[in-house]
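Numbering that gives the first Met the number 0 applies: residue 0 is where the sequence shown begins, and numbers increase by one.
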Amino acid sequence: METYLRPVAILVELTILMAAIYSLFAGVKFTLLDLGLNEKYRSFIRWVLVIMGCLALVFFVAHLIAFYPRLSPKYPGMPNYPG
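If you want it as structure tokens, here you go:
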């Protein structure tokens with residue numbers, strides 16, 4: 000049962016992190032457009048932020064899968080958690 004909770008926990012944490020990144024990128028986009036960047040650059044800014052968002056998603060997925068602690072003490076070499 001505990002082994003099935005790890006992917007769920009990773010997905011929840013990934014959703015929270017990407018929501019924060021989305022908010023950050025939206026703020027950057029609105030700031031750039033408010034500072035006087037022309038409308039012709041809107042498409043370029045959008046593509047740059049989409050690419051950076053995809054890179055952040057890949058980074059978070061790789062690190063959460065690699066470093067997220069295992070919830071089950073059944074794996075050899077992993078510390079046994081009390082409980």
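Glycine included, every Cβ here is placed at the ideal spot set by N, Cα and C.
Buried versus exposed, by CB contacts within 10 Å (16 or more), residue i
i, result
"G82", "At G82 the pLDDT is 49, less than 50, meaning the model places this residue with poor confidence; the figure from the coordinates comes in the next sentence. Classification for G82: exposed."
"F66", "exposed"
Same chain, Cβ closer than 8 Å to residue i, five either side skipped, listed in chain order
i, result
"M0", "Annotation note: pLDDT 48 at M0 (below 50); position unreliable, no value reported."
"R45", "K28"
"M85", "No answer is possible for residue 85: the residues shown for the chain start at 0 and end at 82."
"L36", "I44"
Rounded straight-line distance, which links the Cα of residue j to that of residue i
i, j, result
"D33", "L16", "26 Å"
"P68", "Y3", "13 Å"
"R41", "L54", "20 Å"
"G26", "L48", "11 Å"
"L56", "V11", "13 Å"
Contacts around residue i, its chain only, beta-carbon distance under 7 Å, and the 5 residues preceding and following it disregarded
i, result
"A61", "none"
Inter-residue CB distance, residue i and residue j (contact presumed, cutoff 8 Å)
i, j, result
"I20", "I64", "18 Å between Cβ atoms; not a contact."
"F58", "L13", "Incorrect: roughly 11 Å between the Cβ atoms, too far for contact."
- Task: Within the stretch 1–45, note down every full alpha helix (DSSP H) run reaching 4 residues or more, in order along the chain.
- Result: Segments of the alpha helix (DSSP H) lying fully in the stretch 1–45: 1–33.
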